[in-house]
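Peer 1: For the sequence shown, the positions run 21 to 391 when the numbering used here is used.
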Amino acid sequence: MLPRPVVRSGRGMFRAARTMAHMVPPTRLTWKQLSPRPDAAKGTPCERSSHGISFIQNEAGSRLIVYGGENIARTSVDPSQALWAADVQGDSWSWRALSCDGPAPRVAHAQAAVGSSVYIFGGRCGIAMDEKPLNDLWVLDCHCEPGKESWSQVQLAAGSDDPPEPRSFHRMIAVSSDLYVFGGCGTSGRLADLHKFDTVKKTWHNLGKSKLLRGRGGPNLLHLKSDRLAVIAGFAGEETNDGHAYDLKQGAWEASALEGLTDLRPRSVCIPISLPGDKALIFGGEVNPSDLGHEGAGGFENDVAVLDGTTGALLSSIPSSSGWPVERGWADGAAGEAIKGLTGRFYVFGGLTGDDQNPKRLNDLWQCDVE
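#1: Does the beta-carbon distance from Ala253 to Arg287 come in below 7 Å?
#2: By Cβ distance below 8 Å, which residues in the same chain neighbour Ile130 in space, the five residues on each side in sequence not counted?
#3: If distances are taken between C-alpha atoms only, which option among Val127, Lys216, Arg94, Ala250 comes closest to Asp182?
#4: Got a sec, what are the start and stop residues for the beta strand (DSSP E) Leu103 sits in?
#5: Where does Pro99 sit, in a helix, a strand or coil, going by DSSP?
#6: Mind listing, in chain order, the continuous beta strand (DSSP E) runs of no fewer than 3 residues lying wholly within the segment 265 to 329?
#7: Beta carbon of Pro65, beta carbon of Ala102: below 7 Å?
#8: Report yes if the C-beta of Ser112 is less than 6 Å from at least one heavy atom of the ligand NAD; otherwise report no.
#9: From the DSSP output, in three-state form, read off Ala177 for me.
#10: Please state if the CB of Val326 and the CB of Ser336 are separated by a distance shorter than 7 Å.
#11: Start and end of the beta strand (DSSP E) containing Glu90?
#12: Please state whether the Cβ-Cβ distance between Gly349 and Glu306 is less than 7 Å.
#13: How close, in whole Å, do the beta carbons of Arg83 and Asp107 come, if the pair is a contact with beta carbons under 8 Å?
#14: What does the alpha-carbon distance come out to for the pair Thr363 and Glu151?
#15: Give a yes or no on whether the C-beta atoms belonging to Gly263 and Leu281 are separated by under 7 Å.
#16: For the beta strand (DSSP E) that Ala333 lies in, which residues bound it at each end?
#17: At least one CB of chain D closer than 7 Å to the CB of Arg68: is that the case?
#18: By DSSP, does Phe34 sit in helix, in strand, or in coil?
#19: Helix, strand or coil for Arg57, going by three-state DSSP, please let me know.
#20: To the nearest angstrom, how far is the alpha carbon of Asn378 from that of Gly319?
#21: For Asp311, which residues from the same chain have a beta carbon less than 7 Å from its beta carbon, with the 5 sequence-adjacent residues on both sides left out?
#22: Distance, Cα to Cα, Ser230 vs Ala132?
#23: From the DSSP output, read off the bridge partner residues of Val134.
#24: Going by DSSP in three states, Thr363 sits in which element: helix, strand or coil?
#25: Contact defined as beta carbons within less than 8 Å: I believe Gly89 pairs with Ser69. What is the distance between those atoms, to the nearest angstrom?
#26: Compute the distance between the beta-carbons of Ala300 and Leu214, then report whether it is under 7 Å.
#27: Leaving out five residues before and five after Gln77 in sequence, what residues of the same chain have Cβ atoms less than 6 Å from its Cβ?
#28: Look at the Cβ atom of Ser137, then the Cβ atom of Val159, and state whether they are nearer than 7 Å.
#29: Considering only residues of the same chain and omitting the five flanking positions on each side of Asn155, which have a CB-CB separation below 8 Å?
#30: Answer with buried or exposed for Pro296, where buried requires no fewer than 16 other C-beta atoms within 10 angstroms of its C-beta.
#31: Could you check if Arg381 is buried or exposed, using at least 16 other CB atoms within 10 Å of its CB as the buried criterion?
#32: Rounded to a whole number of angstroms, what is the C-alpha to C-alpha distance between Ser208 and Gly374?
#33: Using the beta-carbon count (16 or more within 10 Å), is Cys120 buried or exposed?
#34: Looking at Ala292: is its Cβ nearer than 7 Å to the Cβ of Asn226?
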């Protein structure tokens, strides 16, 4: 077995996982905190967690869409705070509050973008886990110029499977024109099921449950270059670091669990980022659950786990350094625009930090360039 070499750079430290069979080039991360110009009428988004963000880039411009979440534990943000855009022109960012009729504000929904459309699914409007869980699907049309975005509820076509059961703290990812939803917390407990929504045909497809994973909330869901979906970690009564892959070409869960995750610190409610290159990332998350449940704040991380973009195995763990975002969970992030010379770029907004005595919700916005 190879030793665990450490390579230092000016932007952090690369630590090879014990499961690596060979050295890989260090992954370098450059973090930058963004300070968008406030909206003239409403200022900036309130601090929040359990929200969603998506990146949109089209002829009308580039923008981040922030939706939903909680400013007080388990309580949806005020409708006037529910929907925001961060518009960018060059290096100049500005916040813009959106006030278009749409879904009820909610906590712990799942969110993903297909082209210039931002989809949200599920979440909940009530305080208790079994109170007012949702399984509605909405789409925000961002094809238009900024300021003319509009919501519509998606109507299912004939022949669709039933929608996934109501849930919160699940994960959704877009692959081409399809949406995939995994896990979360339902009225009867934690879930380990996978569903596909075809945004062209407007049909749901039940892809079955993982037989190797316990039901879980706050999982990571990544699209690998091997055209597989990787479910990694999440909270299943305890923080986990296991994983299972669904083969999109074969249309089936794989027979064995993902390998190479032994050295991943167990965690949940992280930010998973699928990159176009040969790596995927998991940022931060909760590593020790709170004694107060969702009313408190557990132990959080702000490290970055670097995964093999084909196999899903852990390649390295990059501990935080000066100039990084603070530790957090219940945040969200989105892969950004393609930049020449970079492996990728992603954004992080908000989340929960602190501890049970002093939980603190955040409204900071960060950009991270990956080399």
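Just so you know, even glycine gets a beta-carbon here, dropped at the ideal spot from N, CA and C.
These figures come from a predicted structure and were not determined experimentally.
Peer 2: Working from what's here:
#1: yes
#2: Here the sequence assigns Ala to residue 130, which means Ile is not the residue at that position. Around Ala130: Gly72, Ile140, Phe141, Gly142, Gly143, His190, Arg191, Met192, Val201, Gly204.
#3: Lys216
#4: Segment 103 to 109, the beta strand (DSSP E) holding Leu103.
#5: helix
#6: 291 to 294, 299 to 308, 319 to 328
#7: no
#8: Looking at this structure, you won't find the ligand NAD or any other ligand, since it has none at all.
#9: coil
#10: yes
#11: Element bounds for Glu90: 90 to 92.
#12: yes
#13: 5 Å
#14: 42 Å
#15: yes
#16: Note, Ala333: premise wrong, no beta strand (DSSP E); not H, not E.
#17: Judged by its chain identifiers, the structure shown contains no chain D, having just a single protein chain.
#18: The pLDDT assigned to Phe34 is 39, lower than 50, so where the model puts this residue is not dependable; a value taken from the coordinates is nonetheless given after this. Looking at Phe34 - three-state DSSP - the assignment turns out to be strand.
#19: strand
#20: Roughly 12 Å between the two C-alpha positions.
#21: Closer than 7 Å at the Cβ level, and outside the excluded window around Asp311, lie Asp376.
#22: 22 Å
#23: Ser137
#24: Residue state, collapsed to three classes: coil.
#25: 6 Å
#26: Taking the C-beta atoms as reference points, Leu214 is found no nearer than 7 Å to Ala300.
#27: Glu357
#28: When the beta-carbon positions are compared, Ser137 and Val159 come within less than 7 Å of each other.
#29: Phe141, Gly142, Pro183, Pro184, Glu185, Pro186, Arg187
#30: By the neighbour-count rule (16 or more Cβ atoms within 10 Å), Pro296 is not buried but exposed.
#31: buried
#32: 30 Å
#33: Under a 10 Å Cβ-count criterion, Cys120 is classified as exposed, with fewer than 16 other Cβ atoms of the shown protein chains found around its own Cβ.
#34: Note that residue 292 corresponds to Pro in the displayed sequence, not to Ala. For Pro292 and Asn226, no; Cβs fall outside 7 Å.
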